[in-house]
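Peer 1:
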Amino acid sequence: MPISFVALLSLGACQSDVPFEIDRNLQDQTSLDTDTNSGQPDTETSTDARVDARVDQVSADTGVDQSVVDTVSQPSDLGGVDASSDESSGTPDPDAQTDAQADAGSDLQTDIFAPDEPLRILFIGNSFTFGGPVPTIVGELAEGAGWPTPHIEYSAYGGETLEGHRSRERTMELAQQSGWDVAVIQEFSTRPTSIGDPEQFMTDATFFHDTIRTNSPDARIILYETWARHPDHGVYPNSFANPAQMQAELRYNYNEAATNWIPNHATVELSSPIEVAPVGDAWERHLNGDDPLRLHASDDYHANTNGQYLNALVIYSTIYHRASREVTNWDVAPEDASRLQADADATTGESVEGGPSGQLPQPGLAPGQTVRIDVGGADEAEPGWNILSGATTGARYNLVDTGGVPTTVDVWVSDGFAGVNSNGLGSNSLEYPASASSDTLFCGSFDGHEEGLAAPGAVTIGGLEPLASYRLRAFASRSGNDGGQGRLTRYRIGAREVDLEVSDNVSETALFDEVEADAEGRLELEVLVSPTGTGRFCYLGVLIVEGLAE
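Residue numbering for the sequence shown follows our numbering, starting at 3 and increasing by one per position.
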């Protein structure tokens, strides 16, 4: 969806400043840090990198800084800081569950925070913030639920503490700006524990409270509570007995900062209570439930895609005072997203759904409303179009309609294709952009027709109104006829099938009129080698979905 972020990435010795637009298919690079508590190499940077396929990677660079601004890129410094000490403020009961985060925000009414203007939101943190990046996901959740597109900026450096941020020029420039509506502050993951320095955490959190509210007196301050390490991490059992103890210490110290320390030590007026986004508590709730999803990355430390999504759900709900139920799935499978949303809402206690009106946008498409999907490898969508790239894991959520308006409609690859082909014909008589008609996702087999029959692909359209009727149109083009074998492709929705000869196609489409979404608001389009032809391959290059009158 069209949230405008530009990031500046500086990598180790290369020292090259390369602006790039953040996309949900791009993850931040990483830097090694030393876990002074366990003696093992550890990172406070994202270890889950994804460009179409998800791969784990760790860079040996000395530090990676992430600084994001809305449409403006700024220089960043190199390096990360881990200033953790062994001081302790005491060990809370690992089994104690506190409602302090709810108490901290008890004076805020759910129905008074419904701004007509985009919120200006600042994030300060490290890789637990820029992994995802969480601010980007929060922005997409907000826009997808119907809120005005927020203006989000963040300063996040690998391995950084809040104390270290006090010396960061970029962080201080942002903190001292006026006009912030919300500031989300995240500390190094062990500092608010017995193996860190909880008092220093609270001192630094107070410093940023005072700095931000000096120039933005009405800004809401939200402390981003982080999560415990995976049970297999080396921090157990010497530093903590188990994840429950680590999470209990994090919970206690974040809530102590919000309810007692900052109010008692702040040098500026508290215009509203300090809030806590109970991210770590949501992790604990989910991981203690039945058949939990994995939330940690392969380092047993950072968040993987599921964890990053859960982080954003909790922060979104904390900022907007809305439940996360049925917001965009981002890059998470729909059934998994629903489970994470349920745990996020059970943790935050938010129950009002949707955007400013308390309602989610009407599912599906109004009569005549149309979404157009460019299926293949294009890097940038034409106006009024959506890109679905990634042969096996491609997904796009809250597609825009032809006028650029976000909808509830999602699309994802539900049966993997063989790859991307860019040898289609750019010119066509259908007024499709060349970028849409020249590339496809293809399936089938190089081994011949019979083998190709057994190698289909499929995409699923979701977020439709259940049991409503839609019109779908599929198109693909591939130059040449594969040595006379042709490229006859079969498209199937339920029991309905349409064949389309893709070879040198510039004008023909496969039309499905009045197809009904299932009870979950989904339609699956299968793409197959047609058994009535002799071809080896099948293709999908354009998919158009239109709402129909009842």
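Don't be surprised by glycine CBs; every beta carbon is placed ideally from N, CA and C.
Quick caveat: nothing in here was measured; it's all calculated off a predicted structure.
Measure the alpha-carbon distance for Pro569 versus Glu384 and round it to whole angstroms.
Peer 2: Lying outside 3 to 552, the shown extent of the chain, residue 569 is not represented and no answer is given.
Peer 1: DSSP beta-bridge partners for Trp414?
Peer 2: Paired residues: Ala397 and Thr462.
Peer 1: Unbroken beta strand (DSSP E) runs of length 3 or more, entirely within the stretch 154-201: which are they?
Peer 2: Runs found: 184-187.
Peer 1: What are the complete alpha helix (DSSP H) segments, minimum 4 residues, inside the stretch 230-303?
Peer 2: With a minimum length of 4 residues, the continuous alpha helix (DSSP H) runs that stay inside the stretch 230-303 are 245-258, 264-267 and 281-289.
Peer 1: Pull up the distance between the alpha-carbon of Glu277 and that of Glu189, whole angstroms please.
Peer 2: Distance between the alpha carbons of Glu277 and Glu189: 14 Å.
Peer 1: Report the residue from Ser191, Gln371 and Pro408 whose alpha carbon sits nearest the alpha carbon of Ala305.
Peer 2: It is Ser191 whose Cα lies nearest to the Cα of Ala305.
Peer 1: Residues bridged to Pro336 by DSSP?
Peer 2: Looking at the DSSP assignment, Pro336 forms no beta bridge with any residue, so it has no partner.
Peer 1: Determine, using beta-carbon pairs with one atom in the stretch 329-342 and one in the stretch 153-167, whether at least three such pairs fall under 8 Å.
Peer 2: These segments do not touch.
Peer 1: Three or more C-beta pairs under 8 Å: does that hold for the stretch 218-231 against the stretch 180-188?
Peer 2: The stretch 218-231, when compared against the stretch 180-188, does touch it at the 8 Å Cβ threshold.
Peer 1: Please name the residue, chosen from Leu315, Ala368 and His232, that lies closest to Val140 on a Cα-to-Cα basis.
Peer 2: The shortest C-alpha separation from Val140 is found at Leu315.
Peer 1: Three or more beta-carbon pairs under 8 Å between the stretch 394-410 and the stretch 496-513, yes or no?
Peer 2: With the cut-off at 8 Å, the stretch 394-410 and the stretch 496-513 do not touch.
Peer 1: Pick helix, strand or coil for Thr372, following the three-state DSSP scheme.
Peer 2: The answer is strand: DSSP assigns Thr372 an E or B state.
Peer 1: Measuring alpha carbon to alpha carbon, tell me which residue in Gly134, Ser196, Leu124 and Leu297 is nearest Leu225.
Peer 2: Of the candidates Gly134, Ser196, Leu124 and Leu297, the one whose C-alpha sits nearest the C-alpha of Leu225 is Leu124.
Peer 1: Taking the alpha carbon of Arg170 as the reference point, which residue from Asp199, Ala144, Ile126 and Thr151 has its own alpha carbon closest?
Peer 2: Of the listed residues, the one whose Cα sits closest to Arg170 is Ile126.
Peer 1: If you run the structure through DSSP and keep just helix, strand and coil, what is Gly309?
Peer 2: DSSP places Gly309 in helix when its eight states are reduced to three.
Peer 1: In terms of residue numbering, what span does the beta strand (DSSP E) encompassing Val136 cover?
Peer 2: Element bounds for Val136: not the beta strand (DSSP E) but the alpha helix (DSSP H), Val136 to Gly146.
Peer 1: Excluding sequence positions up to five away, which residues of its chain have a Cβ less than 8 Å from the Cβ of Asp212?
Peer 2: Result list for Asp212: Ala268, Thr269 and Val270, in chain order.
Peer 1: So, is Val407 buried or exposed, given that buried needs 16 or more other C-beta atoms within 10 angstroms?
Peer 2: Its Cβ having fewer than 16 others within 10 Å, Val407 is exposed.
Peer 1: According to the Cβ coordinates, are Leu143 and Tyr399 closer than 7 Å?
Peer 2: Not closer than 7 Å, so no.
Peer 1: Short of 7 Å in beta carbon distance, which residues of its chain neighbour Tyr441, apart from the five on each side in sequence? Order them along the chain.
Peer 2: As written in the sequence, residue 441 is Asp, which differs from the Tyr given in the question. Cβ within range, chain order: Gly378, Gly379, Ala380, Val422, Asn423, Ser424, Gly426 and Gly543.
Peer 1: Indicate whether the contact test is met: 3 or more Cβ pairs, each with one atom in the stretch 511-524 and one in the stretch 349-358, closer than 8 Å.
Peer 2: Flag = no, the stretch 511-524 and the stretch 349-358 do not touch.
Peer 1: Under a Cβ-count criterion, where at least 16 other Cβ atoms within 10 Å of its own Cβ denotes burial, should Gly1 be classed as buried or exposed?
Peer 2: Here the chain has residues from 3 to 552 only, and residue 1 is not among them.
Peer 1: Quick one: give me the first and last residue of the alpha helix (DSSP H) that Gly454 is part of.
Peer 2: Note, Gly454: alpha helix (DSSP H), His451 to Leu455.
Peer 1: If you measure between the beta carbons of Ala478 and Tyr541, is that distance less than 7 Å?
Peer 2: Against a cut-off of 7 Å, the Cβ pair of Tyr541 and Ala478 comes out as a contact.
Peer 1: Let me confirm a value: Pro533 is counted as buried when at least 16 other C-beta atoms fall within 10 Å, else exposed. Which label applies?
Peer 2: Exposed, since its Cβ has fewer than 16 Cβ neighbours within 10 Å.
Peer 1: Report buried or exposed for Pro152, applying the criterion of at least 16 other Cβ atoms within 10 angstroms of its Cβ.
Peer 2: Classification of Pro152: buried, given that the 10 Å Cβ count is 16 or more.
Peer 1: So which of Tyr472, Tyr311 and Ala259 has the shortest CA-CA distance to Thr195?
Peer 2: Out of Tyr472, Tyr311 and Ala259, Ala259 has the C-alpha closest to the C-alpha of Thr195.
Peer 1: To which residues of the same chain is Gly554 closer than 6 Å at the C-beta, ignoring the five residues directly before and after it?
Peer 2: Absent from the structure is residue 554, since the part of the chain shown begins at 3 and ends at 552.
Peer 1: Throw me the rounded Cβ distance for the Trp229 and Gln249 pair, which I believe falls under 8 Å.
Peer 2: Going by Cβ atoms, the distance from Trp229 to Gln249 rounds to 7 Å, so yes, they are a contact pair.
Peer 1: With which residues is Thr442 paired in a DSSP beta bridge?
Peer 2: Answer by DSSP bridge pairing, in chain order: Asn423.
Peer 1: Starting from Phe130 and walking both ways along the alpha helix (DSSP H), at which residues does that stretch end?
Peer 2: Ser129 to Phe132 is the extent of the alpha helix (DSSP H) around Phe130.
Peer 1: For Ala207, I'd like the list of residues in its chain whose CB is within less than 8 Å of its CB, leaving aside the five on either flank, ordered along the chain.
Peer 2: Result list for Ala207: Leu164, Ile187, Glu189, Leu225, Ala259, Trp263 and Ile264, in chain order.
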